[in-house]
Every structure is written in C-alpha cells, then in structure tokens.
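Numbering (the UniProt record's numbering), first residue to last: 1 to 292.
Okay, structure coming up:
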C-alpha cells in the first residue's frame, strides 16, 4: 500500500512539472548467484538485495543482478598465486593486452541518470546516509591504531539485517576483511616458499625467461607485446605446476590463515559468527528470488 501511495505522489509531481511519468518504486532482482559461487560474492549480492528492499521503502527503484561487476569471478588462490591453466594463458596471457569477455551486469546507472539533481542527492542519502549526520563506528585495528567508519541509510540497514549487528560487522570486517592480504604477505616471507620461487625461476630460465619472481614476470609481460605476454604466461602456468609452487602456496596460505585466526581467537569467533549469520540470510534470499 505504501509503495502505491508513493508512486501516485511521485507521478502527480512529475505531471505537474510537465515531466515524463516517473518510474514506480520497485525492487527488480534480475538474477541470483549459482549455488557454487564463492561465499563473499553471495554475501555481496545479498546485501544489495536488502539495500534494494530498503530503497523501495524510501520511494526509489532499485535493480540487483548477478554478477555484481563486469569481471569474471576467479578463485582467490588463482588471484594471489597465479593461474596454472595453460590454455587460458595461451588465449589471454595475464589478461593485459587481451581481456576475457566482459560480463553483462544489471545496475542502477540509467535510472539514477534519469533523476533530477536533487532527486539524485536524495537517492544517495537514502542509500548511504548523510556523511554529516551518519553515526560513526570507532574502533582500534589489530595494530592498535584508531579507525572510524561512517555509513548510514540503506547500506547500514542492509548490513544490520544481513549480519545481525551493523556496528559489530563494521568492526569485525575492519579487523579481518583483508585477512587474505595479510596472510599473502606472510606466505611470501616463508623460507620454503622462497626456495620454491627460486625453483620456479630456474624453470622459467629453461624456457628462456630470466625472471626473479612472478612479480617481475607480470611487469615484464605488461611492458612487452601481446605475443611476449602470452609466452611468459604460458611458461609461468607450466612452471607453477612443474615445481609445485602453486600447490605449496595454497598449503602455506591455509596454514598461515589458521595461525592468524588463532592469534585473534576471540575476535575471530565473533567475525565467524557474523559471517554465518550473513550466509544463512543470503541463502534464504537466493532461494526466495530463485523461484521468481
């Protein structure tokens, strides 16, 4: 009933101003994530759905689809430690000179552009709150440094509904949202990893590429021709498998991540509980909208 009243009021304002009839507030969920997608992508989609439900209540139209961006999702370990798929490397190299096809996405850009300047401002205040009045969340990071996060509007509402506690989620995500980045640094400093990188470098030399590590390989490929990029990427994919660098990297990553969680056991337990809350809600939303 509320949405219908809002739609009538908006329409009357538009007609009085001589404008085209506004779009009625509506949540459009165009697609849902497959059941085997990474958890973080499912959570991102679910938060957008909850944001959309809130935005409709605020009198706006909101679209949500999957994927959320135009880039093909990849495995985190591939992102961090390299791709062992030689056929992919033969086609795209590292994706510098030739990128995989961009995905189709559903977003709100066209709708937002159709709004007047004042309506756009109202849209973003409804979505993210007003920076001048948002209630900040203050906490100390793992190094004891003070941090502040300020978000309001439907983003805050969605996070509270998804995870059960907005403030605690902001703190927990601030502490552990980049855990894999910290773990990656620890893996790179590991002596066993460094020894295996030396073996990888020897393997690359046998393919006529004098490269110290994968960082140098990526820089060299990016500055060369497309053909050079593909040749380096194919050798890289082959050597990652032949010397076992990729498998060792994954093994060390899992070990370091477990040790990292143990160092902050109490805080990590809260983070895991919030993630569990979020996944339960996200799966409910996926089931709900998959049937539409």
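Note that the Cβ used here is the ideal one computed from N, Cα and C, for glycine as well.
Everything numeric in this text was worked out from a predicted model, so none of it was measured.
Curious, which full-length alpha helix (DSSP H) runs of at least 4 residues does the region 193-224 contain?
214-223
How would you label residue 280, buried or exposed, when you count the other beta carbons within 10 angstroms and need 16 or more for buried? Working through the chain shown from its first residue, we reach residue 280 at position 280. Exposed: under 16 other Cβ atoms inside 10 Å.
Separation of residue 60 from residue 190, as counted between CA atoms
Position 190 of the chain shown, counting from 1, holds the residue named residue 190. Position 60 of the chain shown, counting from 1, holds the residue named residue 60. Those two C-alpha atoms are separated by around 51 Å.
ask   = Should residue 237 and residue 83 be called a contact, given that it needs their Cβ atoms to be closer than 8 Å?
value = On the chain shown, residue 237 is found 237 positions in, with the first residue counted as 1. On the chain shown, residue 83 is found 83 positions in, with the first residue counted as 1. Contact flag set, yes.
Measuring CA to CA, which of 65, 81, 62, 27 is closest to residue 252?
-> Along the chain shown, read from residue 1 onward, the residue named residue 252 stands at position 252. Residue 81 is the option with its Cα nearest to residue 252.
>> Which same chain residues end up closer than 7 Å to residue 69 when comparing Cβ atoms and leaving out the 5 residues on each side of it in sequence?
In response: In the chain shown, residue 69 corresponds to position 69, counting from 1. Contacts found: 105.
TODO: Measure how close the beta-carbons of residue 107 and residue 47 come, nearest whole angstrom, since I'm counting them as under 8 Å.
DONE: Within the chain shown, the letter at position 107 stands for residue 107. Within the chain shown, the letter at position 47 stands for residue 47. In fact, because the Cβ distance is near 15 Å, the residues do not count as touching under 8 Å.
(message) What ranges does the beta strand (DSSP E) occupy inside the region 102-157, keeping only unbroken runs of at least 3 residues that lie completely in it?
(response) 137-140, 146-149
* Is DSSP giving residue 62 helix, strand or coil here? -> As a working mapping, residue 62 is identified with position 62 in the chain shown. In this structure, residue 62 counts as strand in the three-state DSSP scheme.
Given residue 267, which residues of its chain have a CB within under 8 Å of its CB, disregarding the five upstream and five downstream residues? The count along the chain shown starts at 1 and reaches residue 267 at position 267. Result list for residue 267: 172, 175, 176, in chain order.
| query | Terminal residues of the continuous beta strand (DSSP E) containing residue 170? | reply | For the purposes of this step, residue 170 is identified with residue 170 of the chain shown, where counting begins at 1. First-last for residue 170: 166-176, but that is the alpha helix (DSSP H), not the beta strand (DSSP E).
Between the CA atoms of residue 221 and residue 239 - distance to the nearest angstrom: Translated into the one-based positions of the chain shown, residue 239 becomes position 239. Translated into the one-based positions of the chain shown, residue 221 becomes position 221. When rounded, the distance between both Cα atoms is 16 Å.
Name the residue from 179, 163, 215, 92 whose alpha carbon lies nearest to the alpha carbon of residue 141.
Sequence index remark: in the chain shown, residue 141 carries index 141 (1-based). Comparing Cα positions, the closest option is 179.
Express the C-alpha separation of residue 122 and residue 132 in angstroms, rounding to a whole number. Residue numbering aside, residue 132 sits at position 132 when the chain shown is read from its first letter. Residue numbering aside, residue 122 sits at position 122 when the chain shown is read from its first letter. Cα to Cα, residue 132 sits roughly 14 Å from residue 122.
Using the rule of at least 16 other Cβ atoms within 10 Å of the residue's Cβ for burial, across every protein chain shown, is residue 17 buried or exposed?
-> Sequence index remark: in the chain shown, residue 17 carries index 17 (1-based). With a pLDDT of only 40 at residue 17, under the threshold of 50, the placement of this residue in the model should not be trusted, and no figure is reported.
Taking the alpha helix (DSSP H) that residue 41 falls in, what are its first and last residues? Position 41 of the chain shown, counting from 1, holds the residue named residue 41. Where residue 41 is concerned, the enclosing alpha helix (DSSP H) stretches over 39-57.
Beta-carbon spacing of residue 289, residue 29 below 8 Å
The count along the chain shown starts at 1 and reaches residue 289 at position 289. The count along the chain shown starts at 1 and reaches residue 29 at position 29. Yes, they are a contact pair.
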